[in-house]
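Numbering (our numbering), first residue to last: 26 to 108. A virtual CB, placed ideally from N, CA and C, is assigned to each residue, including glycine. Notes follow once the structure below has been shown.
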């Protein structure tokens, strides 16, 4: 087992991004709790992508593209159509 320079998550960030980024993260966020949502994109962005592609992609393809379930895609398509 190798000993890292940093504690826990800082070591992970160091391994991924290097010293400069770890220093910036530490300077800006040390002591904070940060939550990373499981969905990368905002609902507004996803709605725009669905609207752009709903006429030529299947529900399944839209779900794969956005990371949402097929049920959620159907719901969002109905929301778009009701506008």
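**Message:** At the level of alpha carbons, what is the spacing between residue 82 and residue 34?
**Reply:** The residue labelled residue 82 in the question sits at position 57 within the chain shown. The residue labelled residue 34 in the question sits at position 9 within the chain shown. Near 39 Å, if we compare the C-alpha coordinates of residue 34 and residue 82.
**Asked** Exposed or buried, residue 28, counting other C-beta atoms within 10 Å across all chains shown (16 or more means buried)?
**Response** The sequence position of residue 28 within the chain shown is 3, counting from 1. By the 10 Å Cβ count, residue 28 comes out exposed.
**Terminal residues of the alpha helix (DSSP H) in which residue 79 lies** = As a working mapping, residue 79 is identified with position 54 in the chain shown. From DSSP, residue 79 is part of no alpha helix (DSSP H); its letter is neither H nor E.
**Request:** Rounded to whole angstroms, what's the CA-CA distance from residue 91 to residue 54? Just pull it up for me.
**Result:** As a working note, residue 91 is residue 66 in the chain shown. As a working note, residue 54 is residue 29 in the chain shown. Each residue's alpha carbon lies about 29 Å from the other.
**Request:** Return the CA-CA distance between residue 96 and residue 48, expressed in angstroms with no decimal places.
**Result:** Your numbering for residue 96 matches position 71 in the chain shown. Your numbering for residue 48 matches position 23 in the chain shown. Cα to Cα, the separation comes out at about 42 Å.
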